[in-house]
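Only one structure is covered here, and it is reproduced in the block below.
Residue numbers (the numbering used here): 217 to 334.
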């Protein structure tokens, strides 16, 4: 059983863990745009503070909106979203699947660009 915790095995596990994180954070599963109105935007978490939001996507007035939850990593984008609440926006996002923890964001969708619709 001493071979189980050998330094070589530990280094091998660390290498594969680092390689997995490198791939998971640098290659998105999908990307796209969503349009609507920011309904909720907050900075939350106990240890890992993340910016989380909810976009209300309406197709026609009078119909219940579809809600889409997203995360924001960039502080500049987060402050921009806080300032434009209530306006119609187009959010560009990238989807990252199978992240190991919610410390990076509670959702798989990470907004990286904001366009204001006039």
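Note that the Cβ used here is the ideal one computed from N, Cα and C, for glycine as well.
Annotation: residue 298 to residue 313 spans about 26 Å, alpha carbon to alpha carbon. Here DSSP, grouped into helix, strand and coil, assigns residue 239 to helix. At the C-beta level, residue 234 and residue 315 stay beyond 9 Å of one another. Its Cα nearest to that of residue 265, the residue 318 stands out among 318, 253, 286. CA-CA distance, residue 262 to residue 331, rounds to 30 Å. A direct Cα-to-Cα measurement between residue 310 and residue 232 gives close to 24 Å. In this structure, the alpha-carbon of residue 248 lies about 44 Å from that of residue 223. Listed in chain order, the beta strand (DSSP E) runs fully inside the segment 251–303 are 266–273, 282–288, counting runs of at least 3 residues.
Counted as a single uninterrupted DSSP element, the stretch harbouring residue 313 is not any beta strand (DSSP E), since DSSP gives it neither H nor E.
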